[in-house]
Structure formats: structure tokens, C-alpha cells
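2 protein chains.
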Amino acid sequence: MNLRLSGCMTNPRYTPLAQSLPASVPFVGPETQERQRGAPFVARLGANENVFGPSPRAVEAMRGATGDIWMYGDPENHNLRHALAEYHSVSPENIVVGEGIDGLLGYLVRLLVGQGDTVVTSDGAYPTFNYHVAGFGGVIHTVPYRDDHEDPQALFTKAAEVEAKLVYLANPDNPMGSWHSGTDIVAVLDALPDGCLLVLDEAYVECAPDGTAAPVPADDPRLIRMRTFSKVYGMAGARVGYAIGASDLISAFNKVRNHFGMNKAAQAGALAALQDEVWLLQIRARISDARERINAIALENGLHPLPSATNFVAIDCGQDGVFAKAVLESLVAQGVFVRMPFAAPQNRCIRVSCGDASNLGAFAASLPKALADARALNV
Amino acid sequence: MNLRLSGCMTNPRYTPLAQSLPASVPFVGPETQERQRGAPFVARLGANENVFGPSPRAVEAMRGATGDIWMYGDPENHNLRHALAEYHSVSPENIVVGEGIDGLLGYLVRLLVGQGDTVVTSDGAYPTFNYHVAGFGGVIHTVPYRDDHEDPQALFTKAAEVEAKLVYLANPDNPMGSWHSGTDIVAVLDALPDGCLLVLDEAYVECAPDGTAAPVPADDPRLIRMRTFSKVYGMAGARVGYAIGASDLISAFNKVRNHFGMNKAAQAGALAALQDEVWLLQIRARISDARERINAIALENGLHPLPSATNFVAIDCGQDGVFAKAVLESLVAQGVFVRMPFAAPQNRCIRVSCGDASNLGAFAASLPKALADARALNV
Chain A
1 MNLRLSGCMT
11 NPRYTPLAQS
21 LPASVPFVGP
31 ETQERQRGAP
41 FVARLGANEN
51 VFGPSPRAVE
61 AMRGATGDIW
71 MYGDPENHNL
81 RHALAEYHSV
91 SPENIVVGEG
101 IDGLLGYLVR
111 LLVGQGDTVV
121 TSDGAYPTFN
131 YHVAGFGGVI
141 HTVPYRDDHE
151 DPQALFTKAA
161 EVEAKLVYLA
171 NPDNPMGSWH
181 SGTDIVAVLD
191 ALPDGCLLVL
201 DEAYVECAPD
211 GTAAPVPADD
221 PRLIRMRTFS
231 KVYGMAGARV
241 GYAIGASDLI
251 SAFNKVRNHF
261 GMNKAAQAGA
271 LAALQDEVWL
281 LQIRARISDA
291 RERINAIALE
301 NGLHPLPSAT
311 NFVAIDCGQD
321 GVFAKAVLES
331 LVAQGVFVRM
341 PFAAPQNRCI
351 RVSCGDASNL
361 GAFAASLPKA
371 LADARALNV
Chain B
1 MNLRLSGCMT
11 NPRYTPLAQS
21 LPASVPFVGP
31 ETQERQRGAP
41 FVARLGANEN
51 VFGPSPRAVE
61 AMRGATGDIW
71 MYGDPENHNL
81 RHALAEYHSV
91 SPENIVVGEG
101 IDGLLGYLVR
111 LLVGQGDTVV
121 TSDGAYPTFN
131 YHVAGFGGVI
141 HTVPYRDDHE
151 DPQALFTKAA
161 EVEAKLVYLA
171 NPDNPMGSWH
181 SGTDIVAVLD
191 ALPDGCLLVL
201 DEAYVECAPD
211 GTAAPVPADD
221 PRLIRMRTFS
231 KVYGMAGARV
241 GYAIGASDLI
251 SAFNKVRNHF
261 GMNKAAQAGA
271 LAALQDEVWL
281 LQIRARISDA
291 RERINAIALE
301 NGLHPLPSAT
311 NFVAIDCGQD
321 GVFAKAVLES
331 LVAQGVFVRM
341 PFAAPQNRCI
351 RVSCGDASNL
361 GAFAASLPKA
371 LADARALNV
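The listed protein sequences correspond, in order, to chains A and B. Heads up: the first sequence begins at 1 in full-length UniProt numbering, then just goes up one per residue. Heads up: the second sequence begins at 1 in full-length UniProt numbering, then just goes up one per residue.
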């Protein structure tokens with residue numbers, strides 16, 4: 001057939017899957033909201049960024065590497081991978097570095113999930129994982145949170161039931177801040193069905209209580225762990241994440257990843273950040289203090305802050321999702337960027353990231369009016 | 001079926017496509033070669049990077065943005081997209097920004113190419129495009145270069161013959177440096193079959209003669225143009241590319257892209273680089289001078305440099321691919337990183353990127369021995 005004669009084709013011809021996908025965004029960025037409201041936010045407490053910033057050594061390394069930015073970054077991420085391997089006492093073959101956990105989740109889903117393949121996650125857990133699954137034609141099954149915790153046993157039981165290829169579990173959890181001990185995760189791993197890989201997202205583990213990281217050998221073929229420099233390391237804008245897993249699985253990322261996708265300065269910054277353990281300890285302390293401050297602000301306003309092992313606190317606003325959304329919208333209108341869980345009953349909460357005295361002062365100043373606004377709507 | 005009882009599954013269960021893919025790398029990085037040879041390169045002239053570096057304003061913008069690197073970059077790339085739109089006199093809806101052309105090619109292929117779908121490219125053209133096509137199960141058809149030029153008419157004829165969804169054409173071409181005028185590209189566009197999208201990779205167009213960029217309206221649904229800050233703008237390590245195309249197609253990228261994938265400092269750097277037109281003019285002049293110097297070095301050694309509209313020169317070594325490879329290997333052993341075309345007959349050449357006096361001095365000093373080494377092998 002000569003296509004030039006057919007004359008009836010649309011251009012371009014998307015795949016049926018691409019045709020079916022919405023042009024959706026997992027999260028609306030705060031910059032978009034700032035443009036919409038015509039003013040910058042006073043406090044940026046919605047994206048679980050680390051307002052305290054990265055190690056000064058990381059900043060210096062990134063600034064220094066800017067002079068070399070005419071060069072592509074090392075596609076093997078050799079220095080960073082080797083440093084991470086040493087840090088975790090694993091082999092470099094157990095580590096893949098990528099463009100944030102978001103990028104790595106995309107590659108992982110692409111490797112495993114084809115049209116109609118099933119995955120399991122919690123109802124209201126990280127939407128970017130779901131975005132990737134939908135983007136490769138996968139079918140998402142969910143289980144509810146239990147007492148504001150992700151429920152590994154229920155996730156794994158559902159995974160067996162639907163023959164899932166992949167199950168997603170964040171520990172500590174986002175958006176609730178709740179957590180399980182690493183040994184509890186390991187104990188329940190035996191319930192993970194054969195042929196199902198656990199993605200254990202440990203994005204926040206560096207500010208969780210000791211013992212939260214799952215104590216599993218890197219070569220355990222049942223799971224892959226995701227880590228990031230975006231949260232406690234304070235480098236969200238640099239886009240550096242990594243995964244720890246069995247070497248066969250890690251090597252499979254080389255089949256699909258954007259080999260030259262890493263920013264060269266970001267590679268240098270992550271390496272320096274990893275080596276500054278003193279800074280990490282200071283950040284952990286500041287995060288802990290900020291959580292206490294958020295807890296106090298919540299309690300002062302008659303609200304219930306949930307225990308958190310992360311750099312944010314979910315605050316139970318005491319009513320339903322409509323009420324919490326009204327609180328959130330008033331906060332946003334007052335210039336305080338926060339987010340909230342997507343699914344009931346967790347969406348009775350707002351989610352407030354750790355900030356400094358200034359950010360949290362703005363939050364404290366805005367919350368009473370936000371609650372009054374929401375109550376006025378709710379009469 | 002209870003998977004726990006089946007007991008025979010491998011973990012993880014890759015898709016059949018992922019299972020079939022090699023863990024291949026489109027290019028071996030120079031850092032890998034440096035580790036293998038146990039010494040850094042004296043001259044880095046193999047990756048068509050811009051050794052003259054980015055605009056000082058871009059460097060300053062990236063360094064400044066490092067202080068804000070704790071924040072995720074704007075997922076809409078709003079400021080950069082709007083500046084690019086103004087620069088090209090198109091609408092922001094005609095522009096998508098991504099993690100280099102490599103990243104954007106990956107998204108584009110994913111949108112269009114499913115298992116068994118056909119694409120057309122030139123034999124020996126950009127291998128990362130082929131990597132993405134294979135990675136999504138596409139079938140690659142090639143046509144030969146004609147007189148060291150990509151051959152649009154042959155590409156489009158082949159596209160009609162195999163009902164290709166996508167055809168790739170770089171103008172100027174990599175690895176040969178050859179080019180067509182933009183009006184010649186437009187003239188042949190009528191031969192592009194219905195239902196086939198042209199990816200026009202204009203990565204090097206900023207250092208090509210005026211009139212090389214294809215003068216097509218952004219909304220022309222027959223093609224999408226790729227541009228980058230990695231080459232003439234000197235920011236390869238930052239990972240910033242963009243595409244110009246019809247708004248429907250551009251919007252489709254939002255279905256699959258890593259929305260928070262852009263490095264925040266890179267966004268700021270690209271914006272500043274775009275605004276420094278004086279620097280761009282200076283770089284064009286330096287590239288032109290460096291091409292002349294490479295030409296002279298080739299001629300001094302009895303070799304034939306090909307005309308180039310890029311920041312590199314393909315040098316015809318006068319014999320076959322085996323000979324050129326021997327020349328290349330001796331250069332690399334002497335600390336001069338260069339690359340060469342993959343396919344015959346273009347692989348009679350080595351490809352040398354523009355460098356400064358020091359880099360090209362090292363190349364000039366090494367080439368006679370490289371030729372002698374290759375001739376000794378070839379006796």
C-alpha cells in the first residue's frame with residue numbers, strides 16, 4: 001500500500017496505548033500555582049523538599065562542576081555508584097543511579113509492566129508510580145491503608161490474588177509519614193508471592209528512626225529499594241536517585257535507561273553530599289525540631305498531628321476530605337503551599353513539610369484563618 | 001492460581017520485550033575509556049561537546065540556582081518554554097523541554113512506536129534513536145547515505161514502502177557534518193508519506209550556515225524539530241533539549257514525560273544561555289576557526305577533511321573502516337579522544353570535535369604517529 005495514496009491517515013500515528021492516555025500531570029507544581037495566584041508563595045511546604053538545603057560541600061561541588069558542564073556526565077555514574085556501594089557495603093553492580101526515583105520508577109515499570117499486567121499499591125499512595133504504570137498499560141489494584149499505615153500483608157495478599165508483577169510500598173510512607181520497622185518489613189516478605197517484585201520506596205528513610213531501613217541483602221531478588229538525594233539530602237532540583245537491588249535486575253536498567261541522562265553537576269553534588277555525614281546528622285536534627293514545631297502548631301489549633309518518620313507531618317483536620325481541602329485552599333490563598341492526601345480517609349489530613357522558623361511561622365499565622373474559613377464554608 | 005504455590009516463576013518477570021533487549025549502551029563514555037587506559041585524556045574531541053563552554057551568564061545562572069537546588073524545578077519549564085517560544089516566534093504550546101534530545105527522542109518513540117512498528121533512518125546515523133526504537137520493539141529500516149549526505153528523498157521513499165510511522169533525519173548530519181539547506185528539506189517534505197512523522201534533528205543547526213534550519217511553521221503536523229543546549233550552547237552536562245512541533249503532538253509528551261525530570265539549575269542556565277546572543281556569535285566564530293584548524297591538520301597529513309556545518313569535522317583517512325579504526329585507536333592510546341562513524345563507507349573517516357588550541361595541538365601532534373601506526377598494521 002502506498003500511504004501517500006491512502007490519504008486518510010492522521011499524523012502522527014500514536015500507539016493505541018499513547019492514544020488512550022490522558023495528558024495528565026501527577027502533581028501540579030507550586031510554580032504553576034504561583035502563576036495562577038499572581039504572587040509567589042510565602043512558605044513552600046507542599047513538596048516535602050528540604051528547605052534547609054544540601055550540604056555546603058554539595059553546593060560547592062555543584063558550583064565547581066558548572067565549569068565542566070560543557071562535558072556530558074559519565075554515563076556509568078561510576079564515581080557516585082562506587083561511593084554509594086561503599087556507603088551501603090554492597091557491590092557497585094547492586095546500584096543504579098537515575099534521574100530521581102521518578103525516573104527510576106519509570107524505567108522499572110517499563111522493564112516489567114506491559115499492557116494488562118497487574119500491579120498493586122495502596123489507595124492514595126505515590127501517584128507518580130501509578131502514572132508510570134498507566135503509561136505502560138498496566139492495571140493498578142489497590143488495598144486500603146490500615147490505621148494510616150500502608151499494609152504490607154494486605155498488599156502482598158492482593159498481589160497473590162491478582163498475580164501482580166510489581167507491588168509498591170513506601171517505608172516511611174508518603175503522604176502519611178507513618179512507618180514500619182525494617183525487621184517488620186523483612187518478616188512479612190515471605191508473604192510476597194513468587195514472581196512479584198517489591199518496590200520498596202525508602203525516599204525518606206534517612207530521617208526515620210534507626211531500624212526503619214529494611215535489613216535485606218542487596219542481592220535479594222524479591223525486592224528493589226529506591227533512595228534519593230531529593231529529600232533529606234536537600235537536592236530535589238538536581239534529580240539524583242538510586243536503586244539498590246540484585247545485580248541482574250540492576251543491569252537490566254541498562255536496557256532502557258537514558259544513559260547520558262544525568263546532569264554532571266548533580267553527579268558531583270550527590271557524591272559530595274554523601275560524604276558529608278555531619279551535615280546529614282544536623283539535617284536530621286533540624287527535621288526533628290521542625291516536626292515538633294508542626295506538631296505544636298497543630299495542637300495549638302485543636303488539630304491532631306500524626307506521628308511521622310519523614311520530613312513532613314500529616315495533620316488530621318478532624319473532619320472529612322472536603323473540610324481538609326477547604327483548609328488547604330485557604331492556606332494556599334494566604335501564600336502557604338501545602339498538599340494533602342488524595343484518598344479517603346487519609347484526605348481528612350493536610351500534609352505540611354518541615355520548614356525553618358520563617359516558613360513555619362507563616363504556617364502558624366495562617367492556620368487559624370484557614371480553619372475559620374473552612375468552618376464557615378462547612379456550616 | 002496461587003503464585004506462591006506455583007514455585008517456578010523467575011523474579012522479576014520482565015516483559016517479553018525487555019527480556020529480549022540487550023543491556024547495550026549507545027556510546028561508551030570517555031570516562032569509561034579513561035578508566036580502562038588508567039589515565040585521563042589529553043584532548044576530549046570525541047563527543048562533539050563544546051570545549052569553549054557555555055555563556056558566562058549561563059554559568060552564573062547555574063551557580064546562582066544551586067542555592068535553590070533544594071526545590072524541584074518547575075515541571076512546566078514555564079520560563080524557558082516561553083523564552084524559547086519568543087526566540088522562535090512560536091507559541092509556548094509548540095515547545096516541549098526535556099532531558100536532552102536523547103530524552104525527548106525516547107518520549108517521542110514511546111508515543112508512536114509499538115512492537116513491530118516501522119521506522120526509517122540512515123545507515124550509520126544517530127544510534128541513540130535506534131536504541132530507543134529497539135527499546136520499544138520497533139523495526140528499523142535504513143537507507144544509505146548518498147555522497148556522505150543523508151538522503152531525504154530516499155528516506156521518505158523507504159518510509160512509504162515500509163509504512164513507517166517515524167523517519168529520522170539530522171540536518172546538519174552527525175557523524176558526517178554534511179547538510180542540506182532548509183529550503184531543500186522543505187521542498188522534499190511533500191514526498192513524506194501521510195501518516196509518517198519526520199523527526200528533524202537540528203542539534204547542530206546553530207553553527208550551520210544561515211538557511212540550514214528548515215523554514216517550516218511550528219504547527220506543520222508532518223514534522224517535529226529537535227534542538228539542544230548540549231552543542232553550540234556548551235551545556236551537554238546540563239541535559240536540556242527541546243522540541244518544536246504542532247501543539248497536539250507537543251501536548252502528547254505530557255502523557256509520558258518525567259514531569260519533574262529537569263534539573264533546576266539547568267533550566268536557569270539554558271534560559272540565560274538563550275539570552276546571550278553575543279556569546280553565541282563568538283562561539284560560532286570559534287567553531288568556524290577550529291574547523292579550519294582541523295581541516296589544516298588533516299591536509300598537512302595528506303588526509304581529506306569533509307565540509308562541515310557542525311562543531312566537528314569528519315576526516316576521510318583515505319582507506320577503509322579497518323584503517324580508520326586503527327588511526328582512531330592510536331589517537332586514543334595517545335590520549336586524544338575521538339570517535340568515528342559506525343557504518344561503511346562513512347567509517348573510512350574519523351570524527352574530530354572542535355577544540356581549542358591546546359586540544360587541537362594535541363591532535364596535531366598525535367595524528368602523524370596514528371597514521372604511521374595504522375599503516376604499519378595495514379602492511
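Glycine is no exception: its CB is placed at the ideal position from the N, C-alpha and C atoms.
Supposed contact pair residue j and residue i - C-beta distance, whole angstroms, cut 8 angstroms
{"i": "Y242 of chain A", "j": "I95 of chain A", "result": "6 angstroms"}
{"i": "V119 of chain A", "j": "V167 of chain A", "result": "7 angstroms"}
{"i": "K264 of chain A", "j": "D68 of chain A", "result": "6 angstroms"}
{"i": "F234 of chain A", "j": "I294 of chain A", "result": "For the sequence presented, residue 234 of chain A should be read as Gly rather than Phe. The Cβ separation is near 18 angstroms, so there is no contact."}
{"i": "N258 of chain B", "j": "E99 of chain A", "result": "6 angstroms"}
{"i": "E78 of chain B", "j": "E329 of chain A", "result": "Correcting the residue type first, residue 78 of chain B is His in the shown sequence and not Glu. Going by Cβ atoms, the distance from H78 of chain B to E329 of chain A rounds to 22 angstroms, so no, they are not a contact pair."}
{"i": "P26 of chain B", "j": "A273 of chain B", "result": "Actually they are not in contact, since the Cβ atoms of P26 of chain B and A273 of chain B sit about 25 angstroms apart, beyond 8 angstroms."}
{"i": "residue 385 of chain B", "j": "W70 of chain A", "result": "This structure does not reach residue 385 of chain B, given that chain B is present from 1 up to 379, and the question cannot be answered."}
{"i": "A218 of chain B", "j": "V90 of chain B", "result": "4 angstroms"}
{"i": "T212 of chain A", "j": "I101 of chain A", "result": "Actually they are not in contact, since the Cβ atoms of T212 of chain A and I101 of chain A sit about 17 angstroms apart, beyond 8 angstroms."}
Own chain partners of residue i with C-beta closer than 8 angstroms, once the 5 adjacent residues on each side are dropped
{"i": "A296 of chain B", "result": "none"}
{"i": "F260 of chain A", "result": "Y72, G73 and P75"}
{"i": "Q33 of chain B", "result": "F41, V332 and F337"}
{"i": "L223 of chain B", "result": "L189, L192, L197, L198, V199, L200, A214, V216 and G245"}
{"i": "G137 of chain B", "result": "L17, V113, G114, Q115, G116 and D117"}
Neighbourhood of residue i by C-beta, 6 angstroms cutoff - its chain only, sequence neighbours within 5 removed
{"i": "G361 of chain A", "result": "none"}
{"i": "D201 of chain B", "result": "A170 and M226"}
{"i": "L3 of chain A", "result": "Here the model assigns L3 of chain A a pLDDT of 40, short of 50, so the residue's position is not dependable and the matter cannot be decided."}
{"i": "Y204 of chain A", "result": "P172, K231 and T310"}
{"i": "P92 of chain B", "result": "R81, H82 and A85"}
{"i": "P144 of chain B", "result": "D123"}
{"i": "A58 of chain A", "result": "G269, A272 and A273"}
{"i": "A370 of chain A", "result": "V327, S330 and L331"}
{"i": "D276 of chain A", "result": "S55 and R57"}
{"i": "F156 of chain B", "result": "A191 and L192"}
Beta-ladder partner(s) of residue i, from DSSP
{"i": "F363 of chain A", "result": "None; F363 of chain A has no bridge partner."}
{"i": "P305 of chain B", "result": "B:I315"}
{"i": "A243 of chain A", "result": "A:V96 and A:M226"}
{"i": "T142 of chain A", "result": "A:T121"}
{"i": "C349 of chain A", "result": "A:D316"}
{"i": "R339 of chain A", "result": "A:R351"}
{"i": "residue 424 of chain A", "result": "Residue 424 of chain A is absent from the structure shown; chain A starts at 1 and stops at 379."}
{"i": "V167 of chain A", "result": "A:V120 and A:L198"}
Cutoff 7 angstroms; reference residue i; Cβ partners in own chain excluding five residues on either side
{"i": "K325 of chain A", "result": "M340"}
{"i": "residue 422 of chain A", "result": "Since the first and last residues shown for chain A are 1 and 379, residue 422 of chain A lies out of range."}
{"i": "G46 of chain B", "result": "P30, F337, V338, R339 and S353"}
{"i": "A374 of chain B", "result": "F323, A326, V327 and S330"}
Closer than 6 angstroms: residue i CB and nearest the ligand NAP heavy atom
{"i": "H180 of chain A", "result": "The ligand NAP is absent from the structure shown, which contains no ligands of any kind."}
Discussion item. Against chain B, which members of the segment 200-221 of chain A pass a CB distance test of less than 7 angstroms?
Written reply: P221
Fill in: alpha helix (DSSP H) runs wholly inside the segment 35-120 of chain B, at least 4 long, in chain order
Within the segment 35-120 of chain B, the alpha helix (DSSP H) runs of at least 4 residues that lie entirely inside it are, in chain order, 56-66, 78-88 and 100-112.
Practice prompt. Return the chain-ordered ranges of every alpha helix (DSSP H) run that is complete within the segment 169-217 of chain B and spans a minimum of 4 residues.
Written response: 182-188
Fill in: Contact residues within the segment 14-25 of chain B, judged by C-beta distance below 8 angstroms to chain A
Residues passing the 8 angstroms Cβ filter: Y14, T15, P16, L17, A18, L21, P22, A23, S24 and V25.
Worksheet item: Taking any Cβ of chain A, which residues in the segment 63-90 of chain B have a Cβ under 8 angstroms from it, in chain order?
Response: R63, A65, T66, G67, D68, I69, W70, M71, Y72, G73, D74, P75, E76 and H78
Item to complete: Taking a Cβ distance cut-off of 8 angstroms, strictly less, list which residues of the segment 261-285 of chain A are near chain B, in chain order.
Response: G261, M262, N263, K264, A265, A266 and G269
Fill in: Residues of the segment 24-45 of chain A with Cβ closer than 9 angstroms to any Cβ of chain B, in chain order
Cβ contacts with chain B come from S24, V25, P26, F27, V28, G29, P30, E31, T32, R35 and R44.
Discussion item. Taking beta-carbon pairs under 8 angstroms, can you tell me which members of the segment 244-255 of chain B lie near chain A?
Written reply: L249, S251, A252, N254 and K255
Worksheet item: Any residues in the segment 226-244 of chain B with a beta carbon nearer than 7 angstroms to a beta carbon of chain A? Which ones, in chain order?
Response: G234, M235, A236, G237, A238 and R239
Discussion item. Against chain A, which members of the segment 319-348 of chain B pass a CB distance test of less than 9 angstroms?
Written reply: none
Worksheet item: Residues in the segment 300-314 of chain A with C-beta within 8 angstroms of chain B's C-beta atoms, listed in sequence order?
Response: Within the segment 300-314 of chain A, no residue qualifies.
Worksheet item: Using a beta-carbon distance cut-off of less than 8 angstroms, what residues from the segment 113-125 of chain B approach chain A?
Response: V113, G114 and D117
Worksheet entry | Contacting positions in the segment 49-64 of chain B - beta carbon closer than 7 angstroms to chain A | E49, N50, V51, G53, P54, V59, M62 and R63
Fill in: Positions along the segment 90-103 of chain A whose CB lies within less than 9 angstroms of some CB in chain B
E99, G100, D102 and G103
Discussion item. What are the residues in the segment 123-157 of chain A lying within 7 angstroms of chain B by C-beta distance?
Written reply: Listed by position along the chain: G135.
Item to complete: Report the residues of the segment 157-177 of chain A with a CB closer than 7 angstroms to any CB of chain B, ordered along the chain.
Response: A160, E163 and K165
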